[in-house]
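Report on the following structure.
Residue numbers (this note's numbering): 62 to 249.
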């Protein structure tokens, strides 16, 4: 039902009307209003929960597929319970880094658009950390681009994670598996 409503809104009114009716929250309106250009990438680093992923679709035409990934805070990591996680970033540099990752995905997979919303600040287990949404002509490109973007986000975007466990706080180091994922993309 909401897809039919969204389609009706898309065909009758401008994107700005969709944004205000979705009540996406402060900051999202201006991002969505600017995304009418088919080559536009959207990057946001925020303390808020991500808006509904299908909001990306409201401003794109001529796409046949959308792929989404939502990353959550784990309640366990490296054998220990995780009470909370704090994410820090380098403002300005983080957004540029994510935009560069999206551009590489666009060149490699020919995607129509991408949106990455990455949270920072104090997060609890099962809170959303990241939303990656990609549109393309076909599903294969959307799925592959989502995975590509996530693999590079985990290794190249300037975020620092600190977990609170029963043993105290600890910084989360890069994983060998994340580096292996990047090597896989270099070989493909």
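Every residue gets a Cβ at the ideal spot worked out from N, C-alpha and C, and that includes glycine.
Per-residue burial, residue 128 [other beta carbons within 10 Å of its own, 16 or more giving buried]: buried
Cβ neighbours of residue 130 in the same chain (closer than 7 Å, five flanking residues each side left out): 193, 207, 211
In whole angstroms, what separates the C-alpha of residue 223 from that of residue 162? 24 Å
Extent of the continuous beta strand (DSSP E) run through residue 147: 145–150
Quick one, which of 165, 133, 141, 153 has its alpha-carbon nearest residue 105's? 153
Measure the alpha-carbon distance for residue 42 versus residue 215 and round it to whole angstroms. Shown here, the chain extends from 62 to 249; a query on residue 42 therefore has no answer.
Would you tell me roughly how many angstroms separate the C-alpha atoms of residue 196 and residue 228, rounded to the nearest one? 42 Å
On the criterion of 16 or more Cβ atoms from any shown chain inside 10 Å, does residue 158 qualify as buried, or is it exposed? buried
Only counting the same chain, and skipping five residues up and downstream in sequence, which positions put a Cβ closer than 6 Å to that of residue 124? 173, 196
Other residues of its chain near residue 235: CB distance less than 6 Å, five sequence neighbours each side excluded: none
Could you have a look at residue 185 and say whether DSSP puts it in helix, strand or coil? coil
By the DSSP assignment, the beta strand (DSSP E) with residue 223 in it spans what residues? 220–226
To the nearest angstrom, report how far apart residue 185 and residue 238 are at their CA atoms. 24 Å
At what residues does the beta strand (DSSP E) containing residue 235 begin and finish? From DSSP, residue 235 is part of no beta strand (DSSP E); its letter is neither H nor E.
Measuring only the C-alpha atoms, how far is residue 245 from residue 213? 11 Å
Would you give the residue range spanned by the beta strand (DSSP E) that residue 200 belongs to? From DSSP, residue 200 is part of no beta strand (DSSP E) but of the alpha helix (DSSP H) over 200–217.
Quick one: using the 10 Å Cβ neighbour count with 16 as the cut-off for buried, is residue 218 buried or exposed? buried
C-alpha distance - residue 199 paired with residue 171, whole-angstrom precision: 10 Å
With distance defined between alpha-carbon atoms, name the residue in 139, 209, 137, 187 nearest to residue 175. 209
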